[in-house]
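K.L.:
Have a look at this one.
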Amino acid sequence: MEPITRELWKQARAGDRAAYDRLFALHADRALMFVRARLGPALRAKVESVDILQDAYLAAHKDFEQFDLTEDGAFLRWICRIIENRIRDGDAYFGALKRQVVELPKSLPPGPSTLLDRAEHRVKVAEALDRLSEDHRQVLLLRYFEGLSAEETGQLMNRSAGAIRSLTARALDELGHLL
Amino acid sequence: MNIEEIIEARLSGQTIDYNEDLATQHKNVLAAHQALTFVLGETIVSDPDREPPTLTSDYEIIGELGRGGMGVVYLARQKSLSREIAVKVLRLRSESRDRFLKRFLDEARHMAQLRHPNIVAVHEVGQTGDEPYFTMDFVAGESLSHRLSRGALSPAQAIRILKQVVAAVQHAHERGIIHRDLKPGNILLDSDSTAYVTDFGLAREVEGGSEITRSGELVGTPAYMAPEQAMGQVDRIGEATDVHALGAVMYESLTGRPPFGNDAVAVVFSRILNHQPVAPRQLNRRIPRDLETICLKCLEKDPGLRYATAQALGEDLRRFEVGDPIAARRPGPVTRALRSIRKNGKMIATAGVTAIIATGLTLHFAIPTSDTLRSWGKEREAKGDYVGALDVYRRAWEKSEGEARHAARADVIRCIRKANDPKSALAAARAVIVEDPYTSFGVLDHLVAQTVVAELNARTGGSVAAARKESDRDLLELAETRLKLFLNSSHGSAVERKNAEDSLAAVGGVLHEHTHGAPVEYVEDVPDYRLPDGTDFELEKVANDSKTSPWERGKAEYVLAVRAQKAGNKQLALAAASRAFELVRSVYPMYSGVAASTVIAPMVASRIGSEPVEAILLRKSHELLSTLDPQRPSALTGGIRFVLKGIEIPAELNLCAQLKLRAPDALKDPTFLPQSTVPFIANRAEVGIADGTYEMQMHASSSSIPSGFERFVRLMEVDFDRLPKTVTIADGKITELEVPVRQMDELTLIGPETGSSFDPSTDVFSWKPVAGAASYRLLISLQQDYKNGKRTTGLANIKVHTPRVCLGTIDDADIIRTKSKFTAGALLTWSVTAYDKSDRRIAVSREYSRPLVLAKALER
Numbered sequence: 004m005e006p007i008t009r010e011l012w013k014q015a016r017a018g019d020r021a022a023y024d025r026l027f028a029l030h031a032d033r034a035l036m037f038v039r040a041r042l043g044p045a046l047r048a049k050v051e052s053v054d055i056l057q058d059a060y061l062a063a064h065k066d067f068e069q070f071d072l073t074e075d076g077a078f079l080r081w082i083c084r085i086i087e088n089r090i091r092d093g094d095a096y097f098g099a100l101k102r103q104v105v106e107l108p109k110s111l112p113p114g115p116s117t118l119l120d121r122a123e124h125r126v127k128v129a130e131a132l133d134r135l136s137e138d139h140r141q142v143l144l145l146r147y148f149e150g151l152s153a154e155e156t157g158q159l160m161n162r163s164a165g166a167i168r169s170l171t172a173r174a175l176d177e178l179g180h181l182l
Numbered sequence: 003m004n005i006e007e008i009i010e011a012r013l014s015g016q017t018i019d020y021n022e023d024l025a026t027q028h029k030n031v032l033a034a035h036q037a038l039t040f041v042l043g044e045t046i047v048s049d050p051d052r053e054p055p056t057l058t059s060d061y062e063i064i065g066e067l068g069r070g071g072m073g074v075v076y077l078a079r080q081k082s083l084s085r086e087i088a089v090k091v092l093r094l095r096s097e098s099r100d101r102f103l104k105r106f107l108d109e110a111r112h113m114a115q116l117r118h119p120n121i122v123a124v125h126e127v128g129q130t131g132d133e134p135y136f137t138m139d140f141v142a143g144e145s146l147s148h149r150l151s152r153g154a155l156s157p158a159q160a161i162r163i164l165k166q167v168v169a170a171v172q173h174a175h176e177r178g179i180i181h182r183d184l185k186p187g188n189i190l191l192d193s194d195s196t197a198y199v200t201d202f203g204l205a206r207e208v209e210g211g212s213e214i215t216r217s218g219e220l221v222g223t224p225a226y227m228a229p230e231q232a233m234g235q236v237d238r239i240g241e242a243t244d245v246h247a248l249g250a251v252m253y254e255s256l257t258g259r260p261p262f263g264n265d266a267v268a269v270v271f272s273r274i275l276n277h278q279p280v281a282p283r284q285l286n287r288r289i290p291r292d293l294e295t296i297c298l299k300c301l302e303k304d305p306g307l308r309y310a311t312a313q314a315l316g317e318d319l320r321r322f323e324v325g326d327p328i329a330a331r332r333p334g335p336v337t338r339a340l341r342s343i344r345k346n347g348k349m350i351a352t353a354g355v356t357a358i359i360a361t362g363l364t365l366h367f368a369i370p371t372s373d374t375l376r377s378w379g380k381e382r383e384a385k386g387d388y389v390g391a392l393d394v395y396r397r398a399w400e401k402s403e404g405e406a407r408h409a410a411r412a413d414v415i416r417c418i419r420k421a422n423d424p425k426s427a428l429a430a431a432r433a434v435i436v437e438d439p440y441t442s443f444g445v446l447d448h449l450v451a452q453t454v455v456a457e458l459n460a461r462t463g464g465s466v467a468a469a470r471k472e473s474d475r476d477l478l479e480l481a482e483t484r485l486k487l488f489l490n491s492s493h494g495s496a497v498e499r500k501n502a503e504d505s506l507a508a509v510g511g512v513l514h515e516h517t518h519g520a521p522v523e524y525v526e527d528v529p530d531y532r533l534p535d536g537t538d539f540e541l542e543k544v545a546n547d548s549k550t551s552p553w554e555r556g557k558a559e560y561v562l563a564v565r566a567q568k569a570g571n572k573q574l575a576l577a578a579a580s581r582a583f584e585l586v587r588s589v590y591p592m593y594s595g596v597a598a599s600t601v602i603a604p605m606v607a608s609r610i611g612s613e614p615v616e617a618i619l620l621r622k623s624h625e626l627l628s629t630l631d632p633q634r635p636s637a638l639t640g641g642i643r644f645v646l647k648g649i650e651i652p653a654e655l656n657l658c659a660q661l662k663l664r665a666p667d668a669l670k671d672p673t674f675l676p677q678s679t680v681p682f683i684a685n686r687a688e689v690g691i692a693d694g695t696y697e698m699q700m701h702a703s704s705s706s707i708p709s710g711f712e713r714f715v716r717l718m719e720v721d722f723d724r725l726p727k728t729v730t731i732a733d734g735k736i737t738e739l740e741v742p743v744r745q746m747d748e749l750t751l752i753g754p755e756t757g758s759s760f761d762p763s764t765d766v767f768s769w770k771p772v773a774g775a776a777s778y779r780l781l782i783s784l785q786q787d788y789k790n791g792k793r794t795t796g797l798a799n800i801k802v803h804t805p806r807v808c809l810g811t812i813d814d815a816d817i818i819r820t821k822s823k824f825t826a827g828a829l830l831t832w833s834v835t836a837y838d839k840s841d842r843r844i845a846v847s848r849e850y851s852r853p854l855v856l857a858k859a860l861e862r
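Chain order of the listed sequences is A and B.
The number in this note's numbering is simply the position in the first sequence, starting from 1, with 3 added.
The number in this note's numbering is simply the position in the second sequence, starting from 1, with 2 added.
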């Protein structure tokens with residue numbers, strides 16, 4: 004359910020700069036949450052999550068024309084995959100100073116109370132993700148944030164799809180305990 | 003069927019039925035799934051900037067009443083009948099609109115079918131532009147949730163409202179419509195306390211209605227959901243689902259809080275699925291026992307155990323009111339035992355059933371003593387359920403006296419510190435400080451202090467300064483105590499501490515009859531009271547924990563160093579002080595007021611009073627280190643002097659820049675970005691920086707421009723990108739860096755003239771060529787007037803090599819994309835910038851934006 008994302012994406016594609024900014028702003032919090040969780044506490048001490056996000060947004064900016072919003076949630080998953088690639092390449096750390104400074108969009112001011120609830124809730128989930136074991140965190144990031152199937156996740160994590168399915172359930176169980 | 007299959011199905015967007023045992027067994031898995039989907043999902047927000055729609059001439063929009071999931075509700079006047087009505091407009095555009103159109107029209111249709119004195123009536127369904135709308139009665143009054151924010155209702159008031167709501171829901175049920183999102187916010191009260199049910203946005207017909215929302219999606223409002231809704235068991239949703247919601251509304255009306263709390267969704271869900279609500283009479287003794295029984299019957303987990311229909315509920319309420327025996331029975335011992343069996347699952351062996359039933363009996367007849375409650379609390383606490391433990395400990399505390407009361411309060415305080423749910427923790431803390439204002443709750447102290455200040459604000463209408471020394475003394479003193487307690491701790495960010503200091507000053511001003519805002523003892527910049535306390539052992543643990551932020555570790559090391567120095571252990575003190583200095587430096591290497599004699603403009607000397615605490619600690623730890631070992635650190639006198647070079651900067655201009663420095667070592671704290679605003683005086687700025695090598699970024703910061711200097715600033719270009727990327731400060735010396743600044747040329751726009759009318763297909767934008775320019779950028783924006791002011795949308799940013807552009811013929815992707823925005827009558831603005839071969843800006847048009855009006859639409 005994400006009519007606003009689709010709305011903004013269409014307008015942004017049509018060249019509406021304000022819509023473009025709002026589209027990215029709308030996803031900044033969730034993308035940042037992915038960055039945080041993906042880096043984990045150890046890497047976070049070395050590199051700033053916000054820098055990674057900035058860097059990924061710049062990369063996303065270059066490829067925006069190619070991106071097609073095929074289904075709900077695709078935008079966030081696309082951003083998450085860009086972040087994943089940037090982190091994997093190491094570009095994000097070392098390129099941080101080469102790039103120009105872009106103002107990172109501020110996340111949108113909370114409107115209806117549900118948005119505020121969501122923000123509070125996000126902090127809790129982010130903290131819980133931090134405390135998961137590495138495998139558990141990885142499987143949830145791949146499946147929920149990047150939207151990969153059990154098979155695709157299996158290839159990345161070098162396990163069978165069946166093993167991924169039970170790993171997902173165990174990871175959720177651990178997360179549920181921590182929430 | 004197992005939990006993995008359920009999760010896989012949910013992940014691929016399908017729904018799958020499963021039984022409750024499985025749900026209970028895997029409640030953590032399901033809660034985590036819901037939590038992740040919820041966090042990644044998106045709330046539908048309508049565009050806040052859009053103007054109200056134009057309706058037929060009979061209606062005149064007066065203002066906005068509110069926003070819901072799918073649309074905006076406006077207040078309008080219907081001229082022909084000279085009455086006020088509410089208009090709900092679906093405010094989503096294009097394709098996404100289609101997905102909600104059905105739901106929206108369903109809502110209108112549902113409400114139009116319902117004619118009942120307690121249901122908001124729909125008058126007309128129509129369309130404005132491509133936005134569908136419907137008009138309905140305007141209820142002048144407030145929602146029940148708004149009413150409840152002022153406190154619970156008396157049982158008589160609650161029944162009066164509830165009977166009307168039940169009648170309305172019964173009316174809908176008789177027409178086959180389930181509301182599915184009943185809550186205090188959807189019940190409106192007018193000045194006569196007549197209740198109206200509204201917002202049938204999620205309503206579904208019992209027979210033949212299609213489920214248009216995707217399965218597994220959250221539909222409804224978590225706190226008021228029935229278990230079958232929370233579990234997404236679409237097939238089980240029926241009249242009893244609304245009965246559960248009516249029970250929740252009754253519960254909140256009587257007790258002032260929803261039955262399963264108002265916390266994070268996952269927590270609420272887990273309670274909806276697994277916990278019985280606290281009996282209303284335990285929260286408010288004035289609630290009649292039979293009314294409690296009716297309420298709890300509505301809130302049964304199993305739809306089969308609730309009232310089957312709204313009518314049956316209404317009938318029982320009537321019986322209660324006239325004093326007849328009600329039909330609802332309190333759960334008997336057997337039901338309780340069964341419930342407990344289900345809850346504890348495998349723990350019960352068949353041989354133990356009799357024993358369980360016996361236990362059920364005792365539980366049923368004995369009101370738990372404070373000892374029993376405490377033992378329950380211990381059990382929950384041992385399981386890590388601190389919120390649950392807090393709940394029973396609070397009840398034990400309220401019940402007990404003397405010594406026992408003291409012990410129970412200690413239980414409560416312990417659980418407040420452990421509970422990861424700030425809302426219940428704060429509520430409990432608020433109760434504790436009535437008895438003992440000096441109790442510390444660790445990290446929560448800031449919030450506790452804020453709560454008290456907020457109460458004070460609420461009492462005085464928003465300003466502490468308006469409080470009265472005598473009548474508000476209780477809250478004023480409590481606020482003062484709590485604020486001091488917070489400021490005396492080591493918790494809180496710089497901003498939080500600053501706010502607390504301000505509040506304290508205001509409170510102190512009233513209480514001690516100082517002038518408002520006069521400094522009180524805690525505003526001094528002595529950082530010691532902000533430092534952590536605790537035993538050496540505890541501090542060492544913090545200092546050595548690499549997962550703790552360098553800032554917290556630095557503070558701990560500093561305290562250890564001071565203690566070691568006092569104890570005469572110089573070696574230990576030196577080691578700790580040197581670690582403290584390094585840690586603090588890695589967080590924030592800057593300090594204000596460079597002391598070197600070469601300083602020409604003492605730029606921030608006047609600001610030392612409001613120096614950030616990090617800078618103060620940097621200085622303090624440096625002082626300590628220098629005392630212990632005069633040889634070691636170079637004096638804290640070094641830094642960078644930035645000199646703007648290239649053109650003369652008028653003295654009236656106070657330029658600012660943002661400076662970002664990072665020590666390129668492993669001690670970085672990702673949550674802390676050492677950044678500071680550097681004010682230039684004339685063409686110089688100096689920043690005190692501790693010795694070290696840093697990565698550096700600098701960029702322009704907004705500065706206020708005195709009138710008469712707009713043109714100068716417009717044409718001034720500072721080439722921050724030509725500053726070195728790395729800078730080293732050594733031996734306490736000042737490094738001087740030149741910041742190249744130059745004056746750009748002024749580009750003269752030729753045509754179209756200001757405000758002239760323009761045919762975009764044939765007319766030409768032109769300007770005088772600039773010497774040395776390799777390219778130009780023409781920036782075109784669209785100006786629109788909105789209710790909340792003007793809005794500018796960039797339409798095109800076109801790079802050209804000649805000083806003339808015709809939009810009708812130019813081949814530019816921007817124009818092609820935004821062609822449709824160039825409509826007749828549109829107000830546009832334009833400006834031009836010139837660039838040299840290396841893409842540096844060399845000239846800008848003096849006007850930020852020259853307006854023009856389009857005579858025709860763009861055709862190409």
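Glycine included, C-beta positions come from ideal geometry on N, C-alpha and C.
In this text the structure is predicted, and so the values were computed from the model without any measurement.
The stretch 154 to 179 of chain A: which residues have C-beta closer than 7 Å to a C-beta of chain B, in chain order?
P.N.:
Listed in sequence order: R168, S169, T171, A172, L175, D176, L178, G179.
K.L.:
Would you call the CB atoms of L79/A and R134/A closer than 8 Å?
P.N.:
Their beta carbons are not under 8 Å apart, which means L79/A does not touch R134/A by this criterion.
K.L.:
Quick one: what's got a C-beta closer than 8 Å to P35/A's C-beta in the same chain, skipping five residues either side?
P.N.:
The amino acid at residue 35/A is misidentified as Pro; the sequence shows Leu. The answer, listed in chain order, is S52, V53, L56.
K.L.:
Starting from the beta carbon of L42/B, find every residue of chain A whose beta carbon is closer than 8 Å, and list them in chain order.
P.N.:
Those are R33, G76, L79, Y147, F148, listed as they occur along chain A.
K.L.:
Along chain A, in chain order, which residues have C-beta atoms closer than 8 Å to that of E861/B?
P.N.:
Those within 8 Å of E861/B in chain A number zero; the least Cβ separation is about 18 Å.
K.L.:
Whose C-alpha, out of P771/B, S851/B, P754/B, P534/B, is nearest the C-alpha of S833/B?
P.N.:
Of the listed residues, the one whose Cα sits closest to S833/B is S851/B.
K.L.:
Taking the alpha-carbon positions, what's the F760/B to D747/B distance?
P.N.:
Their backbone Cα atoms lie some 27 Å apart in a straight line.
K.L.:
Closest by CA to F67/A, which one among G76/A, W81/A, E74/A, D75/A?
P.N.:
Considering only alpha carbons, the answer is W81/A.
K.L.:
In whole angstroms, what separates the C-alpha of L65/A from that of A467/B?
P.N.:
The sequence shown places Lys at residue 65/A, rather than the Leu named in the question. So the two alpha carbons sit approximately 53 Å from each other.
K.L.:
Please tell me whether R819/B has its Cβ less than 8 Å away from any Cβ of chain A.
P.N.:
Yes, its Cβ sits closer than 8 Å to a Cβ of chain A.
K.L.:
Can you name the residues of chain B whose CB is closer than 7 Å to the CB of L182/A?
P.N.:
Per Cβ cutoff of 7 Å: A33, A34, A37, A268.
K.L.:
Between A164/A and K127/A, what straight-line distance do the alpha-carbon atoms span, to the nearest angstrom?
P.N.:
Rounded to whole angstroms, A164/A to K127/A spans 29 Å at the Cα level.
K.L.:
Just checking: is the beta-carbon of A28/A within a distance shorter than 8 Å of some beta-carbon in chain B?
P.N.:
Output row for A28/A: interface = no.
K.L.:
May I ask you to report which of helix, strand or coil DSSP gives P229/B?
P.N.:
It is helical.
K.L.:
Taking the alpha-carbon of Y76/B as reference, which of R287/B, I296/B, I63/B has the nearest alpha-carbon?
P.N.:
Among R287/B, I296/B, I63/B, the Cα nearest to that of Y76/B is on I63/B.
K.L.:
For R843/B and chain A, any beta-carbon pair shorter than 8 Å?
P.N.:
Not closer than 8 Å to any Cβ of chain A, the Cβ of R843/B fails to qualify, so no.
K.L.:
Taking C-beta pairs closer than 8 Å, name the residues in chain B that R125/A reaches, listed in chain order.
P.N.:
Simply V41.
K.L.:
Determine, using beta carbons only, whether L275/B and K29/B come nearer to each other than 8 Å.
P.N.:
Cβ atoms of L275/B and K29/B: closer than 8 Å.
K.L.:
Taking just the CA atoms, how far does I296/B sit from M227/B?
P.N.:
Their Cα atoms are separated by approximately 18 Å.
K.L.:
Just to confirm the assignment, what range does the alpha helix (DSSP H) spanning V31/B have?
P.N.:
Note, V31/B: alpha helix (DSSP H), 29 to 42.
K.L.:
Examine chain A for any beta-carbon lying closer than 8 Å to the beta-carbon of E712/B, and answer yes or no.
P.N.:
No, because no Cβ of chain A sits closer than 8 Å to the Cβ of E712/B.
K.L.:
Given that a residue counts as buried once 16 or more other Cβ atoms are within 10 Å of its Cβ, and exposed if not, what is T764/B?
P.N.:
Under this definition T764/B is an exposed residue.
K.L.:
Within its chain, find whatever has a CB closer than 6 Å to the CB of V729/B; leave out the 5 residues flanking it on each side and keep chain order.
P.N.:
Once the five neighbours on either side are set aside, the close Cβ partners of V729/B are Y696, M698.
K.L.:
Terminal residues of the continuous beta strand (DSSP E) containing H493/B?
P.N.:
First-last for H493/B: undefined, no H or E at that position.
K.L.:
Here's a check: name, in chain order, each residue in its chain whose Cβ is nearer than 7 Å to the Cβ of Q168/B, leaving out the five neighbours to either side.
P.N.:
Checking the displayed sequence, the identity of residue 168/B turns out to be Val instead of Gln. Cβ neighbours of V168/B beyond the five flanking positions: L248, A312, L315, G316, L319.
K.L.:
Quick check on the burial criterion: 16 or more other C-beta atoms within 10 angstroms. Buried or exposed for G325/B?
P.N.:
Flag for G325/B reads exposed.
K.L.:
Short check: CB of S768/B to CB of G753/B, under 8 Å?
P.N.:
For S768/B and G753/B, yes; Cβs fall inside 8 Å.
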